[in-house]
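Protein chains in written order, with this note's numbering: chain D, 1 to 227; chain S, 1001 to 1343.
See below:
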């Protein structure tokens, strides 16, 4: 497959200079916990993180996670999902979130014990865990290291390729799709133009949504470095 | 089931021995000769339903509680006290047997209650933490670390206590559900920095007993470890403070040796005899210097630290350098150390 990338535009090659603080302000964090006191929201806000808090995921707000409004999701596992969206709390939503928004970084935030099945689900569809109770001084370095280590062009490129491979797309089509997306990003094309462009290559609506979420997350991060 | 029995024995009203461990009971009914007795005649009982009388004239009573394990009640006076108590002991054993028969159900029920209680504690502790953070936030400084440093000594101590409490509480889910450890991912872990953090957090606690914790280094290696690793230095430093003599220095060393990281903590206190070195890492076991015996106790810290070490494929070793005796009991420099191998 690597030979196919020759002379192609690759997302991982879109490098730019930006400071950690610039990126930090652009990375959109969502904390979902039924008890607001569990996470130091105020301290994060005071220290210039772009952070939102929800007590519950409902059918009204869930689309914002699915549609790529957030880059990091800090998700409690119990008491955070209304029954119409999940019968198994946060655990029941992990797979759906990861499949529809592969670029989202999910940090499971819980103090509960889990069943073996839940453990498997968490291991497969979340990125890491954060143990309650937490203080700002212990969890801000965790979030900082996620921002430093996980928000880079290489990761977005890898996520895009892994996702397209999981849809059964041929290697040649994958390389061409990334090439087109990359060129459009470089030209500063709008999301609509990119969407129209990839529609001809990706048939299923859910695949288009997932790819556009990866693209949106990358552009959000990438634009931190644009002067 | 055995786990449940051991939990149950921690609350027995009579002193007893099970699997070599002494359970003192909630009311210490053993008479004083037992505390200093070295004959251990009560432990030589091999058969169930046996009554032995030791050379001090005290009775031991044995009962088979599992297929092969004996439970021995000991140190019971032979006079009318015994006659009166024997019925109680028999009744207690019957209750234990009944309890064990329904163990699974009871365990589930207890677990549910414990889980609910634990779940109730977390919000309360979180509120305290958020309020402490608010107070710290009002201090001067360009970042949070500076604000902590510029806070009053009292506020810093309060905040340190809250953080230590949080850390202790964070052990519980892993003890209830060790499988959860595998869910967390390994990451580069700056050992020296972590140990330094705990040395600072425990500073106030140690000073209460006029102890100082001195950290020597440096170590620059950051091996890949799971976040839970932090609880090992936490437990070892806390234990060193708890079990060392007043007005002593506790020496902590974190150094690199090739690509390995060596952690060492040394403190002056009573020592643990060699035949108990492995047992002190067992759950609910504590070595008592007063009786020179292994007894039941919360004894979770070392057990948990050892469990985390095993997950990371290294061992925590205990040794000591003898420094004579104090009140006729052996004392020395207690040394806990481990080496995190290069990866």
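A virtual CB, placed ideally from N, CA and C, is assigned to each residue, including glycine.
Keep in mind that this is a model prediction, so the values were computed, not measured.
Beta carbon proximity, residue i to chain C, threshold 7 Å
i: residue 1147(S); result: Given the protein chain composition of this structure (D and S), no chain C is represented.
Whole-angstrom distance between residue j and residue i, CA atom to CA atom
i: residue 1048(S); j: residue 1069(S); result: 9 Å
i: residue 1171(S); j: residue 1221(S); result: 25 Å
i: residue 1244(S); j: residue 1155(S); result: 27 Å
i: residue 1052(S); j: residue 1042(S); result: 7 Å
i: residue 13(D); j: residue 168(D); result: 25 Å
i: residue 1145(S); j: residue 215(D); result: 36 Å
i: residue 1215(S); j: residue 105(D); result: 36 Å
i: residue 36(D); j: residue 53(D); result: 8 Å
i: residue 22(D); j: residue 148(D); result: 11 Å
i: residue 172(D); j: residue 152(D); result: 24 Å
i: residue 1080(S); j: residue 1230(S); result: In this prediction, residue 1080(S) scores a pLDDT of 49, lower than 50, which makes its location untrustworthy; the coordinate-derived value is nonetheless stated afterwards. One C-alpha to the other measures close to 54 Å.
i: residue 1118(S); j: residue 46(D); result: 30 Å
i: residue 88(D); j: residue 1106(S); result: 26 Å
i: residue 1067(S); j: residue 1075(S); result: 25 Å
i: residue 184(D); j: residue 69(D); result: 21 Å
i: residue 1143(S); j: residue 51(D); result: 18 Å
i: residue 1180(S); j: residue 1174(S); result: 6 Å
i: residue 1311(S); j: residue 1057(S); result: 48 Å
i: residue 181(D); j: residue 146(D); result: 25 Å
i: residue 24(D); j: residue 16(D); result: 15 Å
i: residue 1158(S); j: residue 1167(S); result: 14 Å
i: residue 176(D); j: residue 1262(S); result: 51 Å
i: residue 1303(S); j: residue 1226(S); result: 17 Å
i: residue 56(D); j: residue 84(D); result: 12 Å
i: residue 1223(S); j: residue 1313(S); result: 13 Å
i: residue 116(D); j: residue 67(D); result: 30 Å
i: residue 165(D); j: residue 174(D); result: 7 Å
i: residue 1320(S); j: residue 1234(S); result: 20 Å
i: residue 1306(S); j: residue 42(D); result: 37 Å
i: residue 80(D); j: residue 103(D); result: 22 Å
i: residue 20(D); j: residue 125(D); result: 27 Å
i: residue 1275(S); j: residue 1322(S); result: 15 Å
i: residue 1237(S); j: residue 1073(S); result: 36 Å
i: residue 10(D); j: residue 18(D); result: 19 Å
For residue i: DSSP bridge partner residues
i: residue 1332(S); result: 1269(S), 1322(S)
i: residue 1340(S); result: 1261(S)
i: residue 182(D); result: According to DSSP, residue 182(D) bridges with nothing at all.
i: residue 1216(S); result: 1253(S)
i: residue 105(D); result: 72(D)
i: residue 1187(S); result: 1225(S)
i: residue 1206(S); result: DSSP output for residue 1206(S) lists no bridge partner at all.
i: residue 50(D); result: 28(D)
i: residue 81(D); result: 57(D)
i: residue 1317(S); result: 1337(S)
i: residue 200(D); result: In DSSP, residue 200(D) forms no bridge with anything.
i: residue 250(D); result: One cannot answer for residue 250(D) here, as it falls past the ends of chain D, which runs 1 to 227.
>> If the cut-off is 9 Å on Cβ atoms, which residues from the region 111-127 of chain D count as contacting chain S, listed in chain order?
In response: 111, 112, 113, 114, 116, 119, 122, 123, 126, 127
>> Runs of 3 residues minimum, wholly inside the region 1221-1306 of chain S: which ones carry the beta strand (DSSP E) assignment?
In response: 1249-1257, 1260-1270, 1285-1288, 1293-1296
>> I'd like the ranges of any beta strand (DSSP E) spanning at least 3 consecutive residues and lying wholly in the region 52-76 of chain D.
In response: 72-75
> Which ranges would you report for the beta strand (DSSP E) in the region 1088-1176 of chain S if only whole runs of at least 3 residues count?
Replying inline: none
> Do the region 1191-1210 of chain S and the region 1121-1132 of chain S touch if we need at least three Cβ pairs shorter than 8 Å?
Replying inline: no
> Is the region 129-145 of chain D in contact with the region 103-113 of chain D, if contact means three or more CB pairs nearer than 8 Å?
Replying inline: yes
> Could you give the uninterrupted runs of the beta strand (DSSP E) lying entirely in the region 116-166 of chain D, keeping only those of 3 residues or more?
Replying inline: 128-131
> When Cβ atoms are compared, which residues of the region 1136-1165 of chain S fall closer than 9 Å to chain D?
Replying inline: 1136, 1137, 1143, 1144, 1145, 1148, 1159, 1162, 1163, 1165
> Which of the residues in the region 1181-1195 of chain S, read from start to end, lie with their CB under 9 Å from any CB of chain D?
Replying inline: 1182, 1183, 1184, 1185, 1187, 1188
> Using 8 Å as the Cβ pair cut-off and three pairs as the minimum, do the region 1275-1283 of chain S and the region 1238-1252 of chain S touch?
Replying inline: no
>> Pairs of beta-carbons, one from the region 58-75 of chain D and one from the region 85-97 of chain D, closer than 8 Å: are there three or more?
In response: yes
>> Would you call the region 194-214 of chain D in contact with the region 153-160 of chain D, where contact means no fewer than 3 C-beta pairs closer than 8 Å?
In response: yes
>> Give me the subset of the region 134-167 of chain D whose CB atoms are less than 9 Å from a CB atom of chain S, sorted by chain position.
In response: 134, 135, 136, 137, 138, 140, 142, 145, 149
> Okay, do the region 1325-1332 of chain S and the region 1248-1263 of chain S touch, 3+ Cβ pairs below 8 Å being the bar?
Replying inline: no
>> What are the residues in the region 1108-1133 of chain S lying within 7 Å of chain D by C-beta distance?
In response: 1122, 1123, 1125, 1126, 1127, 1129, 1130, 1133
> Along the chain, which unbroken stretches of the alpha helix (DSSP H) at least 4 residues long are found entirely within the region 16-44 of chain D?
Replying inline: 20-26
> Between the region 17-36 of chain D and chain S, which residues of the former have CB atoms less than 8 Å from a CB of the latter, in chain order?
Replying inline: 35
> What residues from the region 40-72 of chain D come within 8 Å of chain S, judged by C-beta to C-beta, listed N to C?
Replying inline: 40, 42, 43, 46, 47
>> Threshold first: 3 residues or longer. Then list the beta strand (DSSP E) segments lying entirely within the region 1044-1075 of chain S, N to C.
In response: 1051-1053, 1058-1064
> Can you list, in chain order, the residues of the region 1221-1250 of chain S whose Cβ is nearer than 7 Å to any Cβ on chain D?
Replying inline: none
> What residues in the region 186-198 of chain D have a beta carbon less than 8 Å from any beta carbon of chain S?
Replying inline: none
>> Tell me which residues of the region 77-108 of chain D have at least one Cβ-Cβ distance to chain S shorter than 9 Å, keeping chain order.
In response: 78, 108
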